[in-house]
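Visitor:
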Amino acid sequence: MTTIPDIKPRDVQVAAIEGTDTTVLRSRTWDRLKFEVEYSLQRGTTANSYLIQADKTALIDPPGESFTEIFLTQLQQCLNVQQLDYVILGHVNPNRMVTLKALLELAPQITFVCSKAGAVALQNALREYQCNVWVPKGEETLDLGQNHQLQFIPIPTPRWPDGQCTYDPQSRILFTDKLFGAHVCGDELFDENWKRLDEDRRYYYDCLHAAQARQVEVALNKLATFSAKMYAPGHGPIVRYSLSRFLHDYRQWGQQQTEQDLTIALIYASAYGNTATLAQAIARGITKTGAAVESINCEFAEPGEIEAAIQRCDGFLIGSPTLGGHTPTQVQTALGIVLSNAAKTKLAGVFGSYGWSGEAVDEIESKLLDAGYRLGFESIRVKFKPDDETIQYCKEVGIDFAQALKKSKKFRAPKQAVSSAQIDRTAQAVGRIVGSLCVVAAQRGNVRSGMLASWVTQASFNPPGITVAIAKDRAVESLTHTEDSFVLNILKEGMNVRRHFLQSFAPGDDRFAGLETETAENGCPIIKDALAYLECTVQSRMDCGDHWLIYAIVNNGKVLQSTGMTAVHHRKSGNHY
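Residue 71 in full-length UniProt numbering sits at position 71 of the sequence shown, and the numbers go up by one each step.
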């Protein structure tokens, strides 16, 4: 289990961006904030706000309620809040309402600047206030004076249909909100050590944007027309030194998604963000298998968009909240389009959250079954906010759903430059590589998982280190990021433990049920019937095709049985385990 020593209290780091009239206020926590699926890495985060002070003042993206009090204290040291003119919102998050209300109490003259969709959400949330809201139209700009002629770029996505970026041509800072961020917490204002951020940046993209890659690509094309020298995201360091590299990475990651052979349509609506969180977790599991997800927020999508996605997908999922005991109208409309256009051979799935009842999930499931569709998993019903275990369960459901589709779909084999006989000979030769059989056991918080591994080897003497290859679609993979801990249980000859881990596990199953275990110092399971065990900490990861190569330092270990031989795995082919 990953531990963060000496947890610091939440604070706000204030720093002026040299050569501009812009100050960044970074609300920081080294603890966990559960407002996104990707919080599972537990590296903390920063909620970045930006203050532009010219003839008029504008505050961009104030933080959520976790930071309201300390943020306002720091903001008042930067300016007289009663003289604040504008609050610009990259998206309207319900979590921000406490902060926005506090700002209105101090400065009722504030004008909020947001997209049209954001304005609707904002006015509904602030009904008790007489607040000013301005929605920029077309190429309208906001003049703060001193050449700060702010420009606004709408970037709607399924997850944030009210998304909007802001560009300041005077400083050439592009305020990107949810784009180009990372959930890490530290003292670095800029990305001068950007290579160390590679893993966190990719994980952030995979969790937030992989399922909406098409819309993100459209957004990137819009942003490319602005001559920015910095990206100022809502989370993580300001992007200054790796601007072109980061943009290239986003395009490359998006291309990898849109070019997949297997596509799953993910259609949902979300009243309070809980169903969207489930959708994001399921999508994360699907993308781990190499399949593509096309997310559609049916509250904002046109019927033609839903119809086109359903016709080109290989399978589909529908998610819905329950409002007043009913399915929202937008989901009912989307369901009608699905029933009219989706072939009955396409695998389906249903999920949703609810407060007091869950009729929407039951209604959607019933109509799909009555129409002759086959469901790929038992429908998911979650009351209120999903917890750690539920999010992990949804990821595993996504993995299983995509794998089931892959098995049922006949993929055309790519043309090979060499003969089948040569391929077979090569596979046989690769299969002669022998590895010891081990069980990788990992735990983070209340979530634990394990897998049988044979691609394991010692990698260094000083410090003692090992490498283990883990397939990207394995459930335990999400628990083996840099700084995570695991136990490598080295098996002895015999089939007891091996047979246990060769069985198929359903999403959410305890991989260690029925085995005698104890807890290691790092919080992960030790299998008592193992030959030996090693307590390890992940130092780095390498992307190797369909696997991650994990390099880990051995912190502790013990031989549990003085007699017995290490189990090894002999394969006939290098094409499969």
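Every residue, glycine too, gets a C-beta built ideally from N, C-alpha and C.
(1) Can you give the beta carbon distance from Gly315 to Leu174, rounded, assuming they're within the 8 Å contact cut?
(2) Taking only the alpha-carbon atoms, compute the straight-line gap between Thr176 and Ala219 and give it to the nearest angstrom.
(3) With the cut-off set at 8 Å, would you say Cys114 and Val135 are in Cβ contact?
(4) Looking at Ile470: is its Cβ nearer than 8 Å to the Cβ of Val440?
(5) Can the beta-carbon of Gly90 be found less than 8 Å from the beta-carbon of Gly234?
(6) So for Ala453, helix, strand or coil by DSSP?
(7) How close, in whole Å, do the beta carbons of Val468 and Trp455 come, if the pair is a contact with beta carbons under 8 Å?
(8) From Thr322 to Tyr268, what distance separates their C-alpha atoms?
(9) Could you tell me the alpha carbon to alpha carbon distance between Leu479 and Ser449, rounded to whole angstroms?
(10) In terms of DSSP beta bridges, what is Met230 paired with?
(11) To the nearest angstrom, how far is the alpha carbon of Leu100 from that of Leu339?
(12) Quick one: any contact between the region 146–157 and the region 191–199, if contact means 3 or more CB pairs under 8 Å?
(13) When the Cβ atoms of the region 251–268 are set against those of the region 356–374, are three or more pairs found closer than 8 Å?
(14) Identify whether His326 lies in helix, strand or coil by the three-state DSSP scheme.
(15) Do Arg10 and Ser66 come within 8 Å of each other at the CB atom, strictly closer than that value?
(16) If contacts are defined as beta-carbon pairs under 8 Å, then Pro161 and Asn297 qualify, I think. What distance do you get, rounded to the angstrom?
(17) Using the rule of at least 16 other Cβ atoms within 10 Å of the residue's Cβ for burial, across every protein chain shown, is Gln392 buried or exposed?
(18) Can you give the beta carbon distance from residue 638 to Gly319, rounded, assuming they're within the 8 Å contact cut?
(19) Under 8 Å between the Cβ atoms of Val554 and Leu534?
(20) With DSSP run on the structure shown, which of helix, strand or coil describes Ser49?
(21) What is the DSSP secondary structure of Glu18, counted as helix, strand or coil?
(22) So, at 6 Å on beta carbons, what are the nonlocal neighbours of Ala117 in its own chain, with the 5 sequence-adjacent residues on each side left out?
(23) My output table needs one value for Asp546: the three-state DSSP class, helix, strand or coil.
(24) Helix, strand or coil for Arg412, going by three-state DSSP, please let me know.
(25) Expressed to the nearest angstrom, what Euclidean distance is found between the alpha-carbon atoms of Pro303 and Trp30?
(26) Hey, how far is the Cα of Leu59 from the Cα of Leu104?
(27) Pull the bridge partners of Cys394 from the DSSP assignment, please.
(28) Tell me the residue span of the alpha helix (DSSP H) that contains Leu223.
Guide: So, from the data block:
(1) Separation of the CB atoms of Gly315 and Leu174 is rounded to 37 Å, and the pair is thereby denied contact status at 8 Å.
(2) 10 Å
(3) Pairing Cys114 with Val135 gives a Cβ-Cβ distance under 8 Å.
(4) Between Ile470 and Val440, the C-beta gap is smaller than 8 Å, which places the two residues in contact.
(5) yes
(6) strand
(7) 7 Å
(8) Cα to Cα, Thr322 sits roughly 12 Å from Tyr268.
(9) 8 Å
(10) Ile173
(11) 42 Å
(12) no
(13) no
(14) strand
(15) yes
(16) 6 Å
(17) buried
(18) There is no way to answer for residue 638, as the model of the chain reaches only from 1 to 577.
(19) Cβ distance < 8 Å, so Val554 and Leu534 count as in contact.
(20) strand
(21) coil
(22) Pro161 and Asp162
(23) coil
(24) No answer about Arg412 holds up, because its pLDDT of 43 lies below 50 and its placement is not dependable.
(25) For Pro303 and Trp30, the distance between alpha carbons rounds to 43 Å.
(26) 13 Å
(27) Answer is none; Cys394 lacks a bridge partner.
(28) Ala213 to Leu223
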